[in-house]
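See structure below.
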Amino acid sequence: MQSKKNTFLGLYVLLVIFDLVCGYVEASNFRVVSKPLLLLSLLIYFLIKAKRNQNTTFHLMLAALFCSLQGDVFLLFEERSSIFFTLGLASFLIAHVLYALAFIRKWNTKVTKSFWWITLLFFSYGAFLFYILRDSLGPLQIPVALYILGILAMVITAYRRKGNVKPSSFNLVFIGALFFVLSDSVLAINKFLFSIPLSHIIIMGTYATAQYLITTGVLKQGDFGN
């Protein structure tokens, strides 16, 4: 089983490198294929690994991965019309809500001081990010504010799994959630504030890492026969 996981990881890394190269050389025709392949491969991998336990978490994860795939496709065409960016934003917002709902199923009912500090830290960061972006958002202020709340819900519920799942599962999912926050932060700053050198590599590298860690982390939590 470990060899199969390593085989998939190797394939996934190759797909990520392929997409990073396509984005770096601005080969838009190839990116139409390379970018969707990332989430499509994760979706198929999760489906195969978890199909024996088709519980609520299984369906929530599949839906979240599908919405992420849909969001990736929409964002491929954002240069053609602003509507595609809005549709991509909405798709990823739904994906974050679905991830949060999946994480809530392993919610630790014991409230610790660290949870409140983590919650305060992330909401402070979300408020700061929205503050510096606000004047550049125009009509997207409300959608972006909702999106920030969505990703905060995702990362906070990921943290609340602590102590209620295997340490390896917790670490993978929470670190993945942090990578998601980093990826979206760089994307937002690059799009609305100022250009960041090698932004494509940073955004897609952290995004691909986030999705992989979250997917494998949920597989490790014990509900899927791993």
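Residue numbering for the sequence shown follows the numbering used here, beginning at 31 and increasing consecutively. C-beta atoms are modelled at their ideal positions from N, C-alpha and C, and glycine is treated no differently. Source: prediction; values computed, not measured.
In terms of Cβ geometry, Ala132 and Val248 form a close pair [threshold 9 Å]. In the displayed model, Thr142 falls within coil according to three-state DSSP, outside both helix and strand. The straight-line gap separating the alpha-carbon atoms of Lys250 and Ser199 is approximately 5 Å. A check of alpha carbon separations from Phe48 across Leu67, Asn138, Thr37 identifies Leu67 as the nearest. Spatial neighbours of Lys192 in its own chain (CB-CB distance under 7 Å, excluding positions within 5 residues in sequence) are listed in chain order as Asn138, Phe200. Contact between the stretch 156 to 165 and the stretch 174 to 182 is established, with three or more Cβ pairs separated by less than 8 Å. Out of Tyr42, Val62, Ala57, the CA that lies nearest to the CA of Ile74 is found in Tyr42. Excluding residues up to 5 positions away in sequence, Cys97, Ser98, Gln100, Gly101, Phe104 lie with their Cβ nearer than 8 Å to the Cβ of Ser121 in the same chain.
In the pairwise beta carbon analysis, the stretch 224 to 238 is classified as touching the stretch 207 to 216: at least three pairs are separated by under 8 Å. If only uninterrupted alpha helix (DSSP H) runs of at least 4 residues are considered, those enclosed by the stretch 186 to 222 are 197 to 222.
Between Ile124 and the set Ala80, Asp253, Ser166, Leu92, the nearest pair of CA atoms involves Leu92. Sorting Leu170, Trp146, Ser144 by C-alpha distance to the C-alpha of Leu119 places Leu170 at the top. His126 is positioned such that its CB atom lies no closer than 9 Å to that of Ala218. Contact between Gln241 and Leu69 holds, since their C-beta atoms are separated by about 6 Å, short of 8 Å. In the three-state DSSP reduction, Val63 falls in the helix class (H, G or I). Ile231 places its beta carbon less than 9 Å from that of Leu50. The C-alpha of Ile172 lies about 33 Å from the C-alpha of Ser71. Between Val203 and Leu167, the gap from beta carbon to beta carbon reaches 9 Å or more. Taking every protein chain shown into account, the CB of Lys65 has 16 or more other CB atoms within 10 angstroms, so this residue is buried. For Ser229, the enclosing alpha helix (DSSP H) stretches over residues 229 to 249. Taking the C-beta atoms as reference points, Val174 is found no nearer than 9 Å to Phe152. In terms of CA proximity to Phe209, Ala188 leads the group Asn220, Leu77, Leu150, Ala188.
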